[in-house]
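Q:
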Amino acid sequence: MPASVHLIFVCLTICCASLVTISMASGDTQLEQVSNADVLTLQTALTEPELDWLRKHRTIRHGIVTNQLPFEYVDSNGHYRGLTSDYIAIISEQLGISFKRSYFSDLTALSKGIRENQVDLASYLPPPRGKLSYSESVIEMPIALFGRQDSALIVGIESIRDERVVIEKPSKAYQILSQIYPQIAVSYVDTPAEGIQAVLAGKADIFIHNVFSVEYYTRKLGLPSLKTVSNTPYTFDIAFAVTEELRPFIPIFQKVISSLSKRERQLIFDKWVNIEINRKLDLKKIGLWS
46 MPASVHLIFV CLTICCASLV TISMASGDTQ LEQVSNADVL TLQTALTEPE
96 LDWLRKHRTI RHGIVTNQLP FEYVDSNGHY RGLTSDYIAI ISEQLGISFK
146 RSYFSDLTAL SKGIRENQVD LASYLPPPRG KLSYSESVIE MPIALFGRQD
196 SALIVGIESI RDERVVIEKP SKAYQILSQI YPQIAVSYVD TPAEGIQAVL
246 AGKADIFIHN VFSVEYYTRK LGLPSLKTVS NTPYTFDIAF AVTEELRPFI
296 PIFQKVISSL SKRERQLIFD KWVNIEINRK LDLKKIGLWS
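Residues in the sequence shown are numbered from 46 upward in steps of one, following the working numbering.
1) Going by other Cβ atoms of all chains shown within 10 Å of its Cβ, with 16 needed for buried, is residue 200 buried or exposed?
2) With C-beta atoms as the reference, is residue 148 less than 9 Å away from residue 113?
3) Which whole-angstrom value is the C-beta distance of residue 288 and residue 165, which I expect to be below 8 Å?
4) Can you give the Cα-Cα distance for residue 256 and residue 294, rounded to whole angstroms?
5) Report the option in 258, 211, 250, 105 whose CA atom is closest to the CA atom of residue 234.
6) Check whether the Cβ atoms of residue 254 and residue 191 sit closer than 9 Å, and answer yes or no.
7) Might you give, ordered along the chain, the residues of its own chain that have their beta carbon closer than 6 Å to the beta carbon of residue 292, omitting 5 neighbours on each side?
8) Alpha carbons only, please: which of 103, 167, 189 is nearest the one belonging to residue 180?
9) Taking the alpha-carbon positions, what's the residue 280 to residue 151 distance?
10) For residue 112, which beta-bridge partners are listed by DSSP?
11) Roughly how many angstroms separate the alpha carbons of residue 139 and residue 225, rounded to a whole number?
12) Does the Cβ of residue 100 have 16 or more other Cβ atoms within 10 Å, making it buried, or fewer, making it exposed?
13) Just the Cα atoms here: how many angstroms apart are residue 317 and residue 117?
14) Is residue 183 near residue 285, with beta carbons less than 9 Å apart?
15) Are the Cβ atoms of residue 259 and residue 245 separated by less than 9 Å?
16) Cα-Cα, which of 223, 146, 137, 298 is closest to residue 124?
17) Name the residue from 161, 221, 215 whose alpha carbon lies nearest to the alpha carbon of residue 189.
18) Which residues bound the alpha helix (DSSP H) around residue 270?
19) Going by the DSSP bridge assignment, what does residue 192 pair with across the sheet?
20) How big is the Cα-Cα spacing for residue 133 and residue 251?
21) Could you tell me the distance, in whole angstroms, from the CA atom of residue 72 to the CA atom of residue 122?
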């Protein structure tokens, strides 16, 4: 594999040629400042009311949940990491705004922080959560049923009878089962890793969770792969949420995020979920072909 890969970035609705360099050497994500040309290009895509709003809101209070690997977390050095961190970095670089970070131990604490006006924006807070405005989904993660390799396939959640089911609490699976399938008896774990290990150890028959987290923790911990015994029609969506006061920020945010191609989003996804290597990523130049 070559030491660097050069790709083309489409910035919003205007084609803006720039380069992306991905170094496979070890190291943390490194950001470079956006050039004046990049800022000017973006400004042409924003309306005057949007530009005026940005001028009046140079800093946004950002609530971060610290333990949702690989999507949002704080590492052992106290650095904000995960898939959402790259999206936040792109937004900050492209809009020329800053984010003041506040850290929360779980989703319940983050929800409370928003209600008590401690933060303006949350990058990992599944809807619905009170009177918040949400962006379009940054990523949609299918929810599936996982068993051991010798487990029989089943039709769906509604076909669960005597199987011992384990789910993470809180999680999208917990929301689904408590609201739609309250008749199913379940046991709870605190992390996806615990759910995977419960099935592998024979303490449970089925773990219900999103497929990306299961794949991530299986590889991270070097565990045997679980078998997908059934798919579901449900997904766990990551979207950015803002308070009512910051509702005008959503269409501005969306203009930047919507401009990212599928390949660009795949790069970010691979970095945090699929590829377990360290790399240096210049987010000023995070461009890919469409």
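C-beta: ideal position from N, C-alpha, C; glycine also.
A: Reading off the structure:
1) Burial is judged here by how many other beta carbons sit within 10 angstroms of a residue's own beta carbon; residue 200 has fewer than 16 and is exposed.
2) No, these two residues do not count as a Cβ contact at 9 Å.
3) Confirmed, about 6 Å.
4) Going by the C-alpha atoms only, they are around 31 Å apart.
5) Among 258, 211, 250, 105, the Cα nearest to that of residue 234 is on 211.
6) Closer than 9 Å, so yes.
7) Closer than 6 Å at Cβ, skipping near neighbours: 178.
8) Of the candidates 103, 167, 189, the one whose C-alpha sits nearest the C-alpha of residue 180 is 167.
9) Going by the C-alpha atoms only, they are around 20 Å apart.
10) DSSP links residue 112 through a beta bridge to 118.
11) Cα-Cα distance, rounded: 41 Å.
12) Residue 100 is exposed by the Cβ-count criterion.
13) Each residue's Cα considered, the two are about 10 Å apart.
14) The Cβ-Cβ distance between residue 183 and residue 285 falls below 9 Å.
15) Pairing residue 259 with residue 245 gives a Cβ-Cβ distance that is not under 9 Å.
16) With distances taken between Cα atoms, residue 124 lies closest to 146.
17) Comparing alpha-carbon positions, the option among 161, 221, 215 lying closest to residue 189 turns out to be 221.
18) Annotation: residue 270 is outside any alpha helix (DSSP H) and is labelled neither H nor E by DSSP.
19) Residue pairing by DSSP puts residue 192 in a beta bridge opposite 272.
20) Using only the alpha carbons, I get a separation of about 35 Å.
21) Low confidence applies here, because residue 72 scores a pLDDT of 34, under 50, leaving its location unreliable; read the following figure in that light. Near 13 Å, if we compare the C-alpha coordinates of residue 122 and residue 72.
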